[in-house]
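**Student:** Protein sequences, first through last, are from chains B and G.
For the first sequence, position 226 (counting from the first letter as 1) is numbered 261 according to this note's numbering, and the numbering increases by one without interruption.
For the second sequence, position 239 (counting from the first letter as 1) is numbered 1163 according to this note's numbering, and the numbering increases by one without interruption.
A virtual CB, placed ideally from N, CA and C, is assigned to each residue, including glycine.
Encoded as structure tokens, here's the structure I'll be asking about.
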Amino acid sequence: MRQGQPADRSDKLPTRFARALLEVAMQKPLASARPLVNIFHTFIFFGFSFYLLVNVVDVLEAFVPNWETIWQGPLADGFNLLADLFSVFVLVGMLFFLHRRFITKPKVLEFNSNVLLHPGVAAGGVRRDSLIVGGFILLHVGSRWVGSALQLAEAGGPDPWLPTASILLPLFTEMEPGLLEQTIRATWWLALGLILLFIPYFPRSKHIHLMVAPVNLALRRETPRGALDAVQDPAQPGSTTLAGLPWPQVLDAFACIMCTRCHEVCPAHESGTPLSPSALEINKRYHINAHATEVAASGARQNMLEYAISPDAVWSCTACYACVQICPVGNEPMHDILELRRSLVFDGKMPDELGEVLRSLDEQGNSFGESNRRRSKWTRKLNIKDARKEAVDLLWFVGDFASFNQSCTATTRKVAEVLTAAGVDFGVIRKGERSAGNDVRRVGEEGLFESLAEQNIELLEKCEFDRIMTTDPHTYNALKNEYPALGGEYEVVHYSTLLVELIEGGAIQLEQPLAGNATFHDPCYLGRYNGIYDAPREVIERCGLALVEMPRNRENSFCCGAGGGQIWLNDHDDMTQRPSEMRIEEALSVGVSRFLVACPKDMTMYSDAAKTSGHEEEIVVEDIIDLVHSAMGIEGVAA
Amino acid sequence: MKIAVLLKMVPDLVEELEVDSTGKALDTEELKFKLNEFDDHALEEALLLGGEEDEVVALALEGEGNEKLLFTALAKGASRAVQLTGVQPGGSGEQATAFAAALAESSFDLILTGVQSVDDREGQLGPLLAARMGLPCVSVVTGVSVTDGGATVNKEYSGGVMAEFEVTLPAVLGIQSAQQPPRYAPVSKVRQMQQTATIESLTVGGAGGGAESEVTAMAPPEVGASAKMLDDAAALLEVLRGEGVA
């Protein structure tokens, strides 16, 4: 950790720890997924937490003369009852987990065959570790539990305060006293001596998560999710080594319990590419375990691309934040990947097609390789104000996709028509707007991001406006969360939020409501990154449609596969099915024929996916503005 | 080994081109310039050829945007960057004279330039430069490998026919394409170069360019009549009858 890069997490330490402990006590970080598993984890968690006390009491019982707990009054009875019940909880929980890992073996615990694994992991290290930890817990708690039944046998009868041990009692009532005494000693040693045996292994095992996870949760990032860390050293941005990562991301490897929840929700892993965020954390940990002395002496300088994650995997990430959001111990594998990208891009190591796009973004200010003068071509015949020339209430930062992409411009025009019909005083920057750079930053081209942002900020300084509106969640995220660090502070609003405002304020009258049902896809950069879930839903329902949720919705939404610059990259050869196509099938599975989006990139991705997956006839992809436009009864103007 | 790469900016064809009021040149008022893409390939080939001990020097004539161009070349890995001053930008002949003067002062083994550019479709710069310097020249080169005292050069002919040449060094090569796509220079690295590296300046005399071709008129291509999509055979028949064919 000491070799990692600085990151300040020392503010409000007491609050941080109090909150983390409370969350852990409530088992809240687990709550996003796997409800059945969580119940059994909760069994073990409470049982094991109580066992801290049990172990202390047991030691005292052995070393303090006449210290006993059976038939010793209400306090001891209460303690016994809890110890007895929690023992069974832990045993049941642990058996569940061992059964799951070794008998039912759910597929989510496995890695795609093309994922880079540390040799120790490839050799089944995680399973072995699970077996050792599981065996330890079973023996430790099991012996203590059997031990208390033996003590009952010695004491001469069942005790209602030790209900489950009393059930075991008949097994031992026939035992002769000498043997009984020996066996009690043996179970005591198995329960407590085993801890001593396990201690040296403990820091190397995944079991250490019970210590590290609360610390990791307490010291988590508190800046907005959508704001990446600044580059530490502009002369060598990013990192390909553990030592070059911010220290909390080194700590992540120790907090990891190897549950693979992250790759279960990862669109890249799900679609068959060689990326598993889980493998990344596990590989880091195995590397540290295997090279502990070397790492401590000369630093963690080995290239992570050799042991932790393959370059192909680095370029498969969609920066959708699902892995970070789902992680119960507060790990941030995505941030490691973005640091790796910064370093790779700085050394010019990137897919060829990405270089082309970045060049175009640098030269033209857009990713389409188009003249930037054609950016406002979509406004033809719409009579939209130029925000550079006159003051407006609302400055519409249109963004690349909404301006240039052919599947988006019809939608963009509708936004303008709705705003005009609602009497909103708005304007666009007719000349000079450049890509906001959100995804440029996420592919790791920090310098280009800064250059784009500086040019946009300079341009915005010359305009007079109250608020900025955008339809593109990526643009929204950059303007709202990342421009402030470069001196651009604005009030930014997503059009979904604005539409709700206008509907509630009466400026938009939905006089021709629609009928039927529809589902909505939460864009990553609107939902997970910026917490806007309700506004688009409100718009949909106000337009008269019944909303049917897909199984993965709101913060568990499944990325369309375009984020983090993927929209510019070719699909990986190993991709089995595009995330966007899976999502279309998910929508069909809930029985809707309308797939609603609130992001220009989603419009592109899902219109394509509906075609390529052969479902074009069954489902139509629409933007929420299509509904509003239609429910307002606006007659569009042909471009 | 010492390799020189000649770079120049050309109008970006992504923008709409307009002819200026003289009717003989492009209106540069609204024009945006970018590195000639063949020069980018020449630079890439030079960087691929250049090893640890070799020197790759990027040269460009003084002009708007050329400093950034040279810093970008440094960011990509060029060892030095030189800007030639004292030259009036003109046709390929004048440019060749200026580069010849600059290159004469140091002994380069290889001089690479893009095979052509949007304002030099005949690809004259390379051959003219070679003539001025009395060096051998091969154009439309798609691959170079340096041998003892010479180089093996692949040249592409029309119809995909490839030829292999042995060239004695020093030589001038007009590069059609490098063996890898030109690398991307990260903006942070270019910015870093702008802060730390310096571009050398070399004044060359304004000697004439010799024979130059002269542009007498420039005009956008005439737009042909638009195509008409026919719905069925009957419609086709009607058109043919109308033309008196059927």
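Which residues in chain B have a C-beta closer than 7 Å to the C-beta of V938/G? List them in chain order.
**Tutor:** Going along chain B in sequence order, the residues near V938/G (Cβ under 7 Å) are Q399, G404, E405, S406.
**Student:** Does any residue of chain B have a CB that is nearer than 9 Å to the CB of A1109/G?
**Tutor:** Yes, A1109/G lies at the interface with chain B (some Cβ there is under 9 Å from its Cβ).
**Student:** So with CB distances below 7 Å, who are the chain B contacts of T1116/G?
**Tutor:** Note on identity: in this sequence residue 1116/G is Gln, with Thr being the wrong assignment. Per Cβ cutoff of 7 Å: P269, A270.
**Student:** Run through DSSP, which three-state label would P990/G get?
**Tutor:** The question names Pro, but residue 990/G in the sequence shown is Asn. DSSP places N990/G in helix when its eight states are reduced to three.
**Student:** Express the C-alpha separation of N401/B and S411/B in angstroms, rounding to a whole number.
**Tutor:** Between S411/B and N401/B, the C-alpha separation is close to 12 Å.
**Student:** Quick one: grab the DSSP three-state call for E953/G.
**Tutor:** Correct three-state label for E953/G: coil.
**Student:** What does a CB cutoff of less than 6 Å around S592/B pick up in its chain, not counting 5 residues either side in sequence?
**Tutor:** Correct list, in chain order: D557, G562.
**Student:** Measure the Cβ-Cβ separation of A622/B and I659/B and say whether it is below 9 Å.
**Tutor:** Their beta carbons are not under 9 Å apart, which means A622/B does not touch I659/B by this criterion.
**Student:** Going by the CB atoms, is the gap between C498/B and R423/B shorter than 9 Å?
**Tutor:** Closer than 9 Å, so yes.
**Student:** Could you tell me which uninterrupted beta strand (DSSP E) segments, each at least 3 residues in length, are contained entirely in the region 569-652 of chain B, listed from first to last along the chain?
**Tutor:** You should have 629-632.
**Student:** On the premise that R239/B lies in contact with N324/B, defined as a C-beta separation below 8 Å, what is that separation, rounded to the nearest angstrom?
**Tutor:** Confirmed, about 5 Å.
**Student:** Between which two residues does the alpha helix (DSSP H) harbouring L215/B extend?
**Tutor:** Where L215/B is concerned, the enclosing alpha helix (DSSP H) stretches over 212-223.
**Student:** Just checking: is the beta-carbon of G1000/G within a distance shorter than 9 Å of some beta-carbon in chain B?
**Tutor:** Checking the sequence shown, residue 1000/G turns out to be Lys, not Gly. K1000/G counts as touching chain B.
**Student:** Let me make sure I understand the geometry here. Which of A1020/G, G1074/G, G1047/G has the alpha-carbon closest to that of R1056/G?
**Tutor:** When each option's Cα is compared against that of R1056/G, the closest is A1020/G.
**Student:** Between E653/B and G626/B, what straight-line distance do the alpha-carbon atoms span, to the nearest angstrom?
**Tutor:** For E653/B and G626/B, the distance between alpha carbons rounds to 10 Å.
**Student:** Suppose you measure from the CA of G974/G to the CA of V1114/G; what does that come to, to the nearest Å?
**Tutor:** The straight-line gap from Cα to Cα measures roughly 20 Å.
**Student:** From the DSSP secondary-structure annotation, give me the bridge partner or partners of I1099/G.
**Tutor:** Per DSSP, G1038/G, V1065/G.
**Student:** Please name the residue, chosen from E145/B, A200/B, R163/B, that lies closest to L116/B on a Cα-to-Cα basis.
**Tutor:** The shortest Cα separation from L116/B among E145/B, A200/B, R163/B belongs to A200/B.
**Student:** Mapping DSSP to helix, strand and coil, what is A982/G?
**Tutor:** The answer is strand: DSSP assigns A982/G an E or B state.
**Student:** Along the chain, where does the alpha helix (DSSP H) that runs through G113/B open and close?
**Tutor:** 109-134 is the extent of the alpha helix (DSSP H) around G113/B.
**Student:** Quick check on DSSP: helix, strand or coil for R547/B?
**Tutor:** Strictly speaking, residue 547/B in this sequence is Gln, with Arg absent from that position. Q547/B: coil per DSSP, three-state reduction.
**Student:** Please list the terminal residues of the continuous beta strand (DSSP E) segment that includes I79/B.
**Tutor:** Looking at the DSSP string, I79/B is not in any beta strand (DSSP E); the run it does join, the alpha helix (DSSP H), is 70-98.
**Student:** Please return the same chain residues whose Cβ sits closer than 8 Å to the Cβ of A1143/G, not counting the five positions on each side in sequence.
**Tutor:** These residues qualify, in order along the chain: V943, G947.
**Student:** Assign T328/B to one of three DSSP states: helix, strand, or coil.
**Tutor:** Helix, per DSSP.
**Student:** Using a beta-carbon distance cut-off of less than 7 Å, what residues from the region 482-493 of chain B approach chain G?
**Tutor:** Flagged, chain order: G482, L483, S486.
**Student:** At the level of alpha carbons, what is the spacing between I567/B and Y530/B?
**Tutor:** Rounded to the nearest angstrom, the two C-alpha atoms are 11 Å apart.
**Student:** Taking the beta strand (DSSP E) that H529/B belongs to, which residues open and close that run?
**Tutor:** Residues 527-529.
**Student:** How would you list, in chain order, the residues of chain G whose beta-carbon sits under 8 Å from the beta-carbon of F381/B?
**Tutor:** By Cβ distance, chain G contributes P1110, S1112, K1113.
**Student:** Which of the three DSSP states is assigned to E1090/G in this structure?
**Tutor:** E1090/G falls in the strand class under three-state DSSP.
**Student:** Could you list which residues in chain G have their beta carbon closer than 7 Å to that of L393/B, in chain order?
**Tutor:** Those within 7 Å of L393/B in chain G are Y1108.
**Student:** What residue range is occupied by the uninterrupted alpha helix (DSSP H) comprising W431/B?
**Tutor:** Unbroken run through W431/B is the beta strand (DSSP E), 427-431; no alpha helix (DSSP H).
**Student:** List the residues of chain B whose Cβ lies closer than 7 Å to the Cβ of K958/G, in chain order.
**Tutor:** Within chain B, the residues near K958/G are E398.
**Student:** Expressed to the nearest angstrom, what Euclidean distance is found between the alpha-carbon atoms of L166/B and L133/B?
**Tutor:** Whole-angstrom Cα-Cα distance: 7 Å.
**Student:** Mind listing the chain B neighbours of P935/G? Cutoff is C-beta to C-beta under 8 Å, in chain order.
**Tutor:** Within chain B, no residue comes near P935/G; the closest Cβ sits about 12 Å away, beyond 8 Å.
**Student:** Three or more C-beta pairs under 8 Å: does that hold for the region 506-514 of chain B against the region 283-301 of chain B?
**Tutor:** No: the two stretches stay apart, fewer than three of their Cβ pairs being nearer than 8 Å.
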